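S.K.: Here it is, the structure in full.
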Amino acid sequence: MIVVSNTTPLIGLASIGRFDLLRRIFREIYIPQAVYDEAVVFGREKGGAKQEVSAATWIKVKEVRDRLAVDVLLDELDLGEAETIVLARELHADWVLMDEKKGRRKLEQLGMQKIGTIGVLLQAKKMGYIEMLRPELAQLREKGFSISQRVIDAVLEQAHEK
């Protein structure tokens, strides 16, 4: 399975101490240089994603070849999102980890499979890696992740926690 990730899922899962779920669920993840730079080079937080991404041997940084495609996407998306989508197309990724609405919309238009931070947590629960989803969602909110109550209710229902 080929998985390409944008920055936000890496930061989100690292911020709640669940970064290991990415390796457990996907085994290996590819990120473009812009995502590495956002998470590690320009990463503002101490530890967290900066430390996790730089230490993770199962995360592979891959250079995007089609710079023109990236430039075209920059009209709608930021550099990390644009490079993530182009790299995912170049690698024929099975999944793209993306939380941002504009990026998810673009993935949908391109017919690419997407999953976000909350989707990863839901999958982890289904696979038995976490027992309860509710505390994980509460932690994400505490760390500043914007999650609507409607989304929380829907996810908790899927997780049979409602």
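Count along the sequence shown from 1, add 1202, and you get the number used in my numbering. Cβ coordinates follow ideal geometry from the N, Cα and C atoms, glycine included. In this text, all values refer to a predicted model and were calculated from it rather than measured experimentally.
1. Can you give the Cα-Cα distance for L1323 and D1268, rounded to whole angstroms?
2. So L1276 packs on A1284, CB below 8 Å; how close in whole Å?
3. Would K1218 and L1342 qualify as a contact pair, given that the criterion is a beta-carbon distance under 9 Å?
4. When you compare only the Cα positions, how much space is there between G1198 and V1274?
5. Would you identify the three-state DSSP class for L1212, choosing helix, strand or coil?
6. Short of 7 Å in beta carbon distance, which residues of its chain neighbour R1229, apart from the five on each side in sequence? Order them along the chain.
7. Between L1223, V1263, Y1238 and E1265, which has its C-alpha nearest K1252's C-alpha?
8. Provide the residue span of the alpha helix (DSSP H) that contains S1256, from first to last.
9. Inspect the beta-carbon positions of I1317 and G1305 and report whether they are closer than 9 Å.
10. Can you check whether the CB of R1220 is closer than 9 Å to the CB of Y1338?
11. Spell out the partners DSSP gives I1317 in its beta bridges.
12. I believe M1203 touches D1296 by the beta-carbon criterion, under 8 Å. Please report the beta-carbon distance rounded to the nearest angstrom.
13. Taking V1242 as part of the beta strand (DSSP E), name the residues at either end of that continuous run.
14. For K1364, does the three-state DSSP call read helix, strand or coil?
15. From the DSSP output, in three-state form, read off D1231 for me.
16. Who are the Cβ neighbours of R1225 in its own chain at under 6 Å, not counting the five residues just before and after it?
17. Output the boundary residues of the beta strand (DSSP E) element that contains V1205.
M.R.: Here's the rundown:
1. Their Cα atoms are separated by approximately 32 Å.
2. L1276 to A1284, Cβ: 5 Å. Contact.
3. In the sequence as presented, Lys is not what sits at residue 1218; that position holds Ile. Yes. Within cutoff.
4. This structure gives no information on residue 1198, because the portion of the chain shown stretches from 1203 to 1364.
5. The answer is helix: DSSP assigns L1212 an H, G or I state.
6. These residues qualify, in order along the chain: W1260.
7. With respect to the C-alpha of K1252, the residue from L1223, V1263, Y1238 and E1265 having the closest C-alpha is Y1238.
8. Where S1256 is concerned, the enclosing alpha helix (DSSP H) stretches over G1250 to A1257.
9. Cβ distance not < 9 Å, so I1317 and G1305 don't count as in contact.
10. Per the sequence presented here, residue 1338 reads as Glu, with Tyr not at that position. In this structure, E1338 sits near R1220, with a CB-CB distance shorter than 9 Å.
11. According to DSSP, I1317 bridges with L1299.
12. Right, their Cβ atoms sit about 5 Å apart.
13. Taken as a continuous stretch (DSSP letters only), V1242 belongs to no beta strand (DSSP E), as it is neither H nor E.
14. Coil at K1364, not helix or strand.
15. Residue 1231 is actually Ile in this sequence, not Asp. Strand at I1231.
16. Excluding its 5 nearest sequence neighbours in each direction, R1225 has C-beta neighbours in its own chain below 6 Å: W1260, listed in chain order.
17. Start and end: V1205 to S1207.
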